[in-house]
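Heads up: the structure comes next, in structure tokens.
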Amino acid sequence: MKVNILGIESSCDDTSAAVVCDGILLSNVIASQAVHSAYGGVVPELASRAHQQNIVPVVDQALKQAGVQRDEITAVAFTRGPGLLGSLIVGTSFAKGFALAGNIPMIEVNHLQGHVLSQFVHEKGKESENPKFPFLTLLVSGGHTQIILVKDYFDMEIIGNTIDDAAGEAFDKCAKVMGLGYPGGPIIDKHAHQGNRDAFKFAKPLIQGLNFSFSGLKTSFLYTLRDKMIDNPKFIDENIDDLCASLQYTIIDILITKLDKAVKQTGIREITIGGGVAANSELRDTLVETAKRKKWKVFIPERKYTTDNAAMIAGAGYYKYLKGEFATMDLGPDARLKF
Ligand code: KG4
Ligand code: ZN
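Residue numbers (the working numbering): 18 to 356.
Structure, rendered in structure tokens:
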């Protein structure tokens with residue numbers, strides 16, 4: 018008997034559904050919400066409304082693409098948190114309705130554990146090696162910047178965390194002050210290709226241990242723009258590529274320096290990355306290059322599995338299914354869910 022897991026992800030501004038059959042990904046449909054770009058960031062109320070509109074067609078498409086009927090789904094896995102409460106309510110409620118209607122079990126998934134376990138989801142015909150426990154994950158997104166020690170599928174410990182902004186937030190906020198669109202990370206990534214990363218120097222944090230800080234960098238970036246624009250109001254336009262390249266280089270340097278420290282501290286040399294910022298081309302290249310130099314083994318997921326997606330939720334759900342860990346109907350979303 019095949020085990021078909023339907024995964025639902027709605028923690029922020031992407032509505033996504035995916036089907037995993039016996040651990041192999043059959044479909045992964047994502048509806049991104051363009052409505053937020055006009056506001057320079059995610060507007061929670063608009064996000065939950067868009068999830069309500071998107072969830073039924075997205076699930077429908079995921080089932081169709083997988084070639085799986087509704088009554089062939091074995092269990093439904095959903096993101097319980099952390100995330101925006103209004104957004105989480107939509108996915109959680111849908112999962113409950115789907116489970117009740119089909120008389121099938123529900124599985125709760127922690128969004129961050131989903132990002133970590135995205136390494137274990139493989140498309141049909143693209144099966145590849147999985148990382149071996151214990152390994153380290155650099156999780157870098159719009160809401161999180163963490164180094165996680167992964168001892169087993171659901172036995173994880175955060176050994177480094179940001180004390181203020183997340184790396185993705187640093188990208189997005191700096192993009193905003195340069196008048197670039199939202200989300201700013203991919204736009205900065207594009208400009209940086211043409212820029213000189215040594216053109217400008219920005220402040221790097223002096224934080225002990227494995228924790229991160231990005232608020233000082235953000236302020237340093239803002240002050241540079243402010244000072245330069247006194248003499249030249251067109252400074253941003255004339256230097257956009259160099260500004261993006263220098264900013265991106267600084268953020269990545271901060272991330273890799275801490276990761277190196279974590280490797281030295283734990284002795285673990287197997288590393289995975291996840292979260293939206295893991296789509297960044299320079300971060301990916303730098304990791305490969307650093308791994309070669311320092312003899313690390315790195316696992317870099319395809320870009321579509323770094324940003325928010327339901328494939329990682331369905332995949333994590335599959336491993337919970339194998340452990341027999343099911344959620345009860347009274348379980349609600351938790352915006353600050355911990356693991
Ligand atoms: O994981 P994600 O889709 O959502 C959560 O925050 O959970 O991550 C979104 C973040 C945004 O801050 C976005 O700017 C950043 O990932 N991002 C990137 C790139 N693509 C997405 N940052 C840098 N370079 C990219 N190519
Ligand atoms: Zn995420």
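Even glycine gets a Cβ: it sits at the ideal position worked out from N, Cα and C.
Measuring CA to CA, which of the options is closest to residue i?
i    : options                   : result
G114 : G349, R353 and L156       : G349
L156 : T324, D258, T241 and M346 : T324
I22  : I330, E342, M346 and A344 : I330
S158 : F316, A209, F231 and P250 : F231
E144 : A187, S237 and L43        : L43
Q136 : D347, G341 and A328       : A328
C191 : Q163, D347 and F238       : F238
A94  : D302, V126 and K251       : V126
F188 : D172, E174 and H161       : H161
C286 : A308, E174, L134 and K218 : The sequence shown places Arg at residue 286, not Cys. Measuring from the Cα of R286, the nearest candidate turns out to be A308.
G233 : A183, P122 and G198       : A183
K141 : D30, P74, C38 and P222    : C38
N213 : N256, S27, D270 and N120  : N256
K321 : G291, M173 and I271       : G291
F356 : V75, A35, S49 and V133    : V133
G177 : G226, D351, E342 and G24  : G226
Q282 : L153, G131 and M173       : L153
F390 : E26, R97 and P148         : In the structure as shown, the chain starts at 18 and stops at 356, and residue 390 therefore has no counterpart that could be examined.
K312 : A296, G284, V294 and N297 : G284
D30  : P99, L272 and A48         : A48
F252 : N228, Q265 and F217       : F217
M123 : I288, L339, L354 and R353 : L339
Since residue i is in the beta strand (DSSP E), which residue starts that stretch and which ends it?
i    : result
I288 : E287 to G291
I25  : N21 to E26
Once DSSP output is grouped into helix, strand and coil, what is the label at residue i?
i    : result
K312 : coil
E144 : coil
G334 : helix
F152 : strand
M173 : strand
L303 : The question names Leu, but residue 303 is Thr in the sequence shown. In the structure shown, T303 sits in a helix (DSSP, three-state: H, G or I).
F138 : Per the sequence shown, residue 138 should be read as Val rather than Phe. V138 falls in the coil class under three-state DSSP.
K275 : helix
R362 : The structure shown does not extend to residue 362, since the chain spans only 18 to 356, so no value can be given for it.
L166 : strand
A352 : coil
N256 : helix
T345 : coil
T179 : strand
Just curious, the alpha helix (DSSP H) that residue i is in, first and last residue?
i    : result
E125 : No alpha helix (DSSP H) contains E125, which is instead part of the beta strand (DSSP E) from M123 to N127.
G185 : A184 to V194
K207 : G201 to A209
S110 : L102 to G119
Enumerate, from N- to C-terminal direction, the unbroken beta strand (DSSP E) stretches of 3 or more residues contained entirely within the region 31-94. DSSP assignment within the region 31-94 yields the following whole beta strand (DSSP E) runs of 3 residues or more, N-terminal first: 31-38 and 41-49.
Counting only runs that start and end within the region 214-253, where is the beta strand (DSSP E) found for 3 or more residues in a row? Inside the region 214-253, DSSP marks no whole beta strand (DSSP E) run of 3 or more residues.
With contact counted as at least three CB pairs below 8 Å, one residue from each stretch, are the region 107-123 and the region 43-53 in contact? Here the region 107-123 does not lie against the region 43-53, with fewer than 3 beta-carbon pairs under 8 Å apart.
Three or more C-beta pairs closer than 8 Å, one from the region 331-339 and one from the region 242-250: is that the case here? These segments do not touch.
Counting pairs of Cβ atoms below 8 Å between the region 164-174 and the region 191-205, do you hit three or more? With a cut-off of 8 Å, the region 191-205 and the region 164-174 do not count as touching, because too few Cβ pairs lie within range.
Would you be able to state if there are at least three C-beta pairs under 8 Å between the region 73-86 and the region 304-318? Not touching, per the Cβ criterion.
How do the region 254-273 and the region 203-210 stand: do at least 3 beta-carbon pairs fall below 8 Å, yes or no? Taking a cut-off of 8 Å for Cβ pairs, the region 254-273 and the region 203-210 touch, as three or more such pairs fall below it.
Would you call the region 298-306 and the region 265-276 in contact, with 3 or more CB pairs under 8 Å? Verdict: yes, contact present.
Can you confirm whether the region 91-111 touches the region 50-61 when touching is taken to mean that 3 or more C-beta pairs between the two stretches lie within less than 8 Å? The region 50-61, when compared against the region 91-111, does touch it at the 8 Å Cβ threshold.
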